[in-house]
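First the structure, in the form of structure tokens, and then the observations on it.
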Amino acid sequence: MAEARAVSQLRVGAVQYFVGNETVHATVTAHDGGQTAFRLCALSDCLWNVRRLLDTVEGPSSPNEREDSLRSFAHEWGRALLPPYSALREFDVLVLIPHYILHFVPLHAVWIEEENAYLGAARAVSYNSSATQFCRSVDRNPARQHDLSRWIPGAADRNPVGAPPVPKLCGGEAVDVIGGLTPAYRDLAKSIASRFQKSYGPEIMRFNIKHPYSEGGVREPTYETLYLISHGYYDPVLPVNSGLLLDNPLGGTISRPIRVPGGKVVHARDLPFRELPTEVTPRSDCHAEMMTIGELQIEGFTDTELVALLGCSTGAGHVLSGDTVESIAYQWLKLGAASVIASLWTLDIRFITRWMPVFLDQWLGCRQPKAVAWQEALAVILNQPDPLPYYDWASVQLLGDWL
Amino acid sequence: MSIWDQFPNYSTDELNLLTAVAAETLADSAGSQIGADVLRISPMAAARELEPILREQNPNVNREAIQEILEDRDQGSKIALRVLDEIRQTPALAEKVAEEYENRRHAMAVPLLLLLVAPVVILAMRVKSFRVKVGKNEASGTFEKSGEEVKTFVSGLVSSATGLVP
Numbered sequence: 029m030a031e032a033r034a035v036s037q038l039r040v041g042a043v044q045y046f047v048g049n050e051t052v053h054a055t056v057t058a059h060d061g062g063q064t065a066f067r068l069c070a071l072s073d074c075l076w077n078v079r080r081l082l083d084t085v086e087g088p089s090s091p092n093e094r095e096d097s098l099r100s101f102a103h104e105w106g107r108a109l110l111p112p113y114s115a116l117r118e119f120d121v122l123v124l125i126p127h128y129i130l131h132f133v134p135l136h137a138v139w140i141e142e143e144n145a146y147l148g149a150a151r152a153v154s155y156n157s158s159a160t161q162f163c164r165s166v167d168r169n170p171a172r173q174h175d176l177s178r179w180i181p182g183a184a185d186r187n188p189v190g191a192p193p194v195p196k197l198c199g200g201e202a203v204d205v206i207g208g209l210t211p212a213y214r215d216l217a218k219s220i221a222s223r224f225q226k227s228y229g230p231e232i233m234r235f236n237i238k239h240p241y242s243e244g245g246v247r248e249p250t251y252e253t254l255y256l257i258s259h260g261y262y263d264p265v266l267p268v269n270s271g272l273l274l275d276n277p278l279g280g281t282i283s284r285p286i287r288v289p290g291g292k293v294v295h296a297r298d299l300p301f302r303e304l305p306t307e308v309t310p311r312s313d314c315h316a317e318m319m320t321i322g323e324l325q326i327e328g329f330t331d332t333e334l335v336a337l338l339g340c341s342t343g344a345g346h347v348l349s350g351d352t353v354e355s356i357a358y359q360w361l362k363l364g365a366a367s368v369i370a371s372l373w374t375l376d377i378r379f380i381t382r383w384m385p386v387f388l389d390q391w392l393g394c395r396q397p398k399a400v401a402w403q404e405a406l407a408v409i410l411n412q413p414d415p416l417p418y419y420d421w422a423s424v425q426l427l428g429d430w431l
Numbered sequence: 040m041s042i043w044d045q046f047p048n049y050s051t052d053e054l055n056l057l058t059a060v061a062a063e064t065l066a067d068s069a070g071s072q073i074g075a076d077v078l079r080i081s082p083m084a085a086a087r088e089l090e091p092i093l094r095e096q097n098p099n100v101n102r103e104a105i106q107e108i109l110e111d112r113d114q115g116s117k118i119a120l121r122v123l124d125e126i127r128q129t130p131a132l133a134e135k136v137a138e139e140y141e142n143r144r145h146a147m148a149v150p151l152l153l154l155l156v157a158p159v160v161i162l163a164m165r166v167k168s169f170r171v172k173v174g175k176n177e178a179s180g181t182f183e184k185s186g187e188e189v190k191t192f193v194s195g196l197v198s199s200a201t202g203l204v205p
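Protein chains in written order, with the working numbering: chain A, 29 to 431; chain B, 40 to 205.
Here you go:
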């Protein structure tokens, strides 16, 4: 049971990685600004292992191979990718800023022998692509406008005190455009929506995200939480074409009003940004289309506290210059979300249906910071009598602000 | 209802997934007999591996003809269904494949683009014995005879499709 402490008293540390030509380094920055640099391992020692791990979890592989690969990472070679325990022990929250290939490695799944727990269950963890991106997520987080010294999260036996107002408004879409899992997707959506005072379906959500410029030019506020429960698609050839398979209830691309000289308004429509992937044959009763990274680069904004991208490979991507990561998860952070939940590889609807309510109860009910809620949810799920496959739980990440 | 109940009437998506799951299950069930790398084998590499095996039955078979068969959707589907039929007749393996298929059906991913016929046919011929865990029970058995049946079928298919009569 977590002790009653104000959020401002949580000890936060950042671990910033640097993958050099020969060596992997990490710098640990403490709450007081003190920094310590560590040489973690030779690149040659870990590169093959990392590539092998990523090939296994992202490509064709058998269940045993995936489990063996993730177990070996968690209990053997993965430990070399973390600073020594003595440097991490003092922190409650770790902000991980990976570099290069490490962006796609589930560091929270590394076993911490000293605490008899996986890192993600022992510490609250959030991932960020760079220090700048982390700072931008922090700046945008509405929860940060609150006095953190008065905010004491609750637990099973006590209510939260002095916490910021609970996010009340959520919007989202749950759609299985291929068919077969529609009831499961809808059940999860209902479970999420039931934890908010108001929730809206795809029509309004889509409108507010994709049509921010009204004829009057005023931006309306968006939702405090967004969820998208759908099939995810990662395009390894052209990652900017990766995204989520959604149902566009507007029945076509959105009409955009453009004011022309003389005061008239003309309405223009953008073409879809990509066709559906060849392998997707959508149900005939929905207007399936992809929400891609490319599309969100052109238009979209949000000021939501959390976006839950509950689909496969929403955290998968590739690294651009400046260590920007091109993934649908990071694209939502760039649009303005404070935090994002995403999956590095395949996501199992049964797992996320168990995990998500626990996370939301911790975040919304106990008013834990999101990374602490994520940690608590993982600990609860891992504490079940039947052990879960690594492949199910290790893929889920919290990105952006930890609060 | 099991995925086997509708054999052999599968949609493209179902056949792609069932074939992939069958290949993965065969790879796992073989233990250390076979590395899981075979799941990533290309049709070209698979043809190279199959050539000496199929030549035992038809000396005129060549690598190009085998590769052509493995890359052809219709011919590949016939091979996949033949391997699946052998698995279907091996109760413990069939049950394990059905269990894994059900697990994979819950992935929030798009359907598989390709029919992984090359891995499944290689595995069907190479796996001699298997051990699987279905639920909490373990079962084992042999698959050698099934592998021979698959070999004969593929050899015949290559011969009839290319006119390379033995």
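Note that CB positions come from ideal geometry on N, CA and C, so glycine has one too. All values derive from a computational prediction rather than experimental measurement.
Considering only the beta carbon of each residue, do residue i and residue j sit closer than 8 Å?
i: I73(B); j: V166(B); result: yes
i: A183(A); j: C340(A); result: no
i: L406(A); j: A149(A); result: yes
i: S371(A); j: G343(A); result: yes
i: P15(A); j: Y155(A); result: Examination of residue 15(A) is not possible in this model, given that chain A is present from 29 through 431 alone.
i: S36(A); j: S258(A); result: no
i: A157(B); j: D376(A); result: no
i: P310(A); j: I140(A); result: no
i: P230(A); j: D275(A); result: yes
i: V123(A); j: A42(A); result: yes
i: G428(A); j: I356(A); result: no
Would you report the Cα separation of residue i and residue j, rounded to the nearest angstrom?
i: G106(A); j: Y255(A); result: 31 Å
i: P415(A); j: A131(B); result: 23 Å
i: L109(B); j: G195(B); result: 14 Å
i: Q173(A); j: L431(A); result: 11 Å
i: L338(A); j: Y128(A); result: 25 Å
i: Q161(A); j: R39(A); result: 20 Å
i: A399(A); j: S283(A); result: 38 Å
i: G48(A); j: S198(B); result: 54 Å
i: I220(A); j: I118(B); result: 45 Å
i: L388(A); j: G87(A); result: 31 Å
i: P397(A); j: N187(A); result: 14 Å
Run down chain B in chain order and give the residues with a C-beta less than 9 Å from the C-beta of residue i.
i: V386(A); result: By Cβ distance, chain B contributes nothing, its closest Cβ being about 19 Å from V386(A), past 9 Å.
i: I286(A); result: Near I286(A) there are no residues of chain B at all, since even the closest Cβ is about 35 Å away, more than 9 Å.
i: Y261(A); result: A148 and V149
i: I125(A); result: The contacting residues do not exist; I125(A) stays about 28 Å from chain B at best.
Grab me the residues of residue i's own chain with a C-beta within less than 6 Å of its C-beta, minus the 5 sequence neighbours each way, in chain order.
i: P195(A); result: E252, T253 and E333
i: E143(A); result: A150
Report the neighbours of residue i on chain A: residues whose CB is nearer than 9 Å to its CB, in chain order.
i: L196(B); result: Residues of chain A passing the Cβ test: none, with the nearest at roughly 24 Å.
i: R79(B); result: D83, G87, P88 and S89
i: L155(B); result: P88
Can you list, in chain order, the residues of its chain with a C-beta nearer than 7 Å to that of residue i? Leave out the 5 residues immediately preceding and following it.
i: I126(B); result: A61, L132, A133 and V136
i: V122(B); result: A61, V159, V160, A163 and V189
i: E354(A); result: P267, V268, I321, G345, H346 and L348
Give me the chain A residues within the contact set of residue i, using Cβ-Cβ distance strictly less than 8 Å, ordered along the chain.
i: E139(B); result: P91
Which of the three DSSP states, helix, strand or coil, is assigned to residue i?
i: T320(A); result: strand
i: K172(B); result: strand
i: K196(A); result: coil
i: R79(A); result: helix
i: D376(A); result: strand
i: H131(A); result: helix
i: S68(B); result: helix
i: P385(A); result: helix
i: D275(A); result: strand
i: H174(A); result: coil
i: I237(A); result: helix
i: A137(A); result: helix
i: S72(A); result: helix
i: T342(A); result: coil
i: R94(B); result: helix
i: H59(A); result: coil
Please work out which residues of its chain come closer than 8 Å, Cβ to Cβ, to residue i, disregarding the five sequence neighbours upstream and downstream, and give them in chain order.
i: V138(A); result: F101, A102, G106, R107, L109, L110, Y146 and L147
i: D96(A); result: none
Give the interface partners of residue i over in chain B, defined as CB-CB distance under 8 Å, in chain order.
i: R378(A); result: H145
i: V308(A); result: V149 and P150
i: P305(A); result: V149 and L152
i: G345(A); result: Simply none; closest approach about 16 Å.
i: G322(A); result: The premise fails here: G322(A) is roughly 17 Å from chain B at the closest Cβ pair, so nothing lies under 8 Å.
i: L273(A); result: V149
So which residues of chain A does residue i contact, with C-beta pairs closer than 7 Å?
i: E63(B); result: S90 and P91
i: L54(B); result: By Cβ distance, chain A contributes nothing, its closest Cβ being about 13 Å from L54(B), past 7 Å.
i: A75(B); result: S89, S90 and E93
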